[in-house]
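Protein chains in written order, with the working numbering: chain S, 1 to 204; chain L, 1001 to 1204.
First the structure, in the form of structure tokens, and then the observations on it.
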């Protein structure tokens, strides 16, 4: 079955944006440091991203080889809604609390239910993975048991402030399995598998 | 010159304790998960720590080969003050806001100034490194430009809540250099060098 994989670039202190992120400033103040290993010709168009090194290129290629995109509403809006096409015209499912009056642009559609969004995305992706975007969405899919893997690119910098990937979580432990490390001076690429409760090997 | 090196076991979501840490519960509720790769015969005595695997053993040996210990007051108190001897009778400098009425036990002494504490510890360690303990102390030494390296053992778990290593920091970026990765299924051992402002290679 298609896996839902979160792709994020995160500072060592856990931030995925600098302070004051918002529309037109998706990475917050100074947050572009996190994407230094990527060269974005145009922030609004993910297909214009180029990797600065071979390892980043490999991870980026994996992200862009996914067959569907799941994203939170905030990430979608802050990224200019990608003009309705994240990559290759694959379906984009935007998790939102309430369905906006306007239709979602291009290949995007609004979904208000986490499990429905996960099912739609897995189905659309077929035998490919689903690319998950956004911290709040990641926490929602994790809580619903629908997050399968985390591809976390750990950037060697402390941002000090900004939006955290993991924040406001319940105190329950989520056990992970480190399945891959790709080392590069500019970014430490990690990939973790979420150990689902029914498959947990080590009792808490 | 002797380097000041922070040694910490941290969850992937950035916590170094579970919730409600305090005296007698130094790792907070559930925080002992972070030290699962270490077998502590007696939490109050660091010399009773044994590593569960060769990689953890190597990192632990490096920590215990240091020539002085720097610690924050909270970590010192929560750890039962190590009965005045962290390891091998090396000097322990305890950073505290105000000097307690009672003398520090054993090889420990109170210090109220960050730079004085750093200088005393470096001098005491001679040609060996200084072991730094505690999140609040780490932030104080980092802010003072006295933190040289971070030996961070990233544990594959999300704790969700607890005390963060990096919290309440100023928004200034601190650039790091990844100098070593030791991979093990149970813990990802990273070592970062702090790029000092005057040696910063990449302008922000």
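In this text, a Cβ means the ideal position worked out from N, Cα and C, and glycines have one as well.
For residue 75(S), the enclosing alpha helix (DSSP H) has its first and last residue at 73-78.
Among the residues facing chain L, residue 161(S) is included, as its CB has a counterpart in that chain under 8 angstroms away.
Note on geometry: alpha-carbon atoms of residue 1143(L) and residue 1137(L) lie some 10 angstroms from one another. Using a CB distance cut-off of 8 angstroms, residue 1003(L) does not count as an interface residue toward chain S. Restricted to the region 84-155 of chain S, the beta strand (DSSP E) segments that are unbroken, complete and at least 3 residues in length are 92-95, 108-111, 130-133, 149-155, listed in chain order. The beta carbon of residue 57(S) lies closer than 6 angstroms to those of 51 in the same chain, with the five residues before and after it left out. Interface with chain S (8 angstroms Cβ-Cβ cutoff): residue 1007(L) is excluded. Per DSSP, residue 1037(L) is not a residue of any alpha helix (DSSP H), being assigned neither H nor E. Counting C-beta atoms within 10 angstroms of its own C-beta, residue 1018(L) has 16 or more neighbours from the protein chains shown and is therefore classed as buried. Around the C-beta of residue 129(S), 16 or more other C-beta atoms lie within 10 Å, and the residue is accordingly described as buried.
Interface annotation, residue 157(S): in contact with chain L, CB-CB separation under 8 angstroms.
As DSSP reads the structure, residue 178(S) sits in a beta bridge with 192(S).
Secondary-structure assignment with DSSP links residue 1068(L) through a beta bridge to 1130(L). Under a 10 Å Cβ-count criterion, residue 1190(L) is classified as buried, with 16 or more other Cβ atoms of the shown protein chains found around its own Cβ.
Between residue 74(S) and residue 134(S), the C-beta spacing is below 8 angstroms. Between residue 27(S) and chain L, the shortest Cβ-Cβ separation is not below 8 angstroms. Here the C-alpha atom of residue 1126(L) lies approximately 38 angstroms from the C-alpha atom of residue 1161(L). Residue 1091(L) holds the alpha-carbon nearest to the alpha-carbon of residue 1117(L) among 1102(L), 1091(L), 1105(L), 1100(L). By the Cβ-count criterion, residue 1089(L) is exposed, with fewer than 16 other Cβ atoms from all chains shown falling within 10 Å of its own Cβ. For residue 1186(L), the three-state secondary structure derived from DSSP is coil.
As computed with DSSP, residue 157(S) is found in a beta bridge with 1175(L). Taking residue 60(S) as reference, the option from 70(S), 72(S), 39(S) with the minimal CA-CA separation is 39(S). The C-beta distance from residue 1148(L) to residue 1003(L) rounds to 4 angstroms, short enough to meet the 8 angstroms contact threshold. Bridge pairing for residue 163(S): 17(S) [DSSP]. Taking 8 angstroms as the upper bound on Cβ-Cβ separation, chain L lies near residues 166, 169, 170, 171, 172, 173, 174, 175, 176, 177, 178, 181 of the region 166-181 of chain S. Under the Cβ criterion of 8 angstroms, residue 13(S) is counted among the residues facing chain L. Only residues of its own chain outside the window of five on either side were considered, and among them 1017 have a CB closer than 6 angstroms to the CB of residue 1027(L), listed in chain order.
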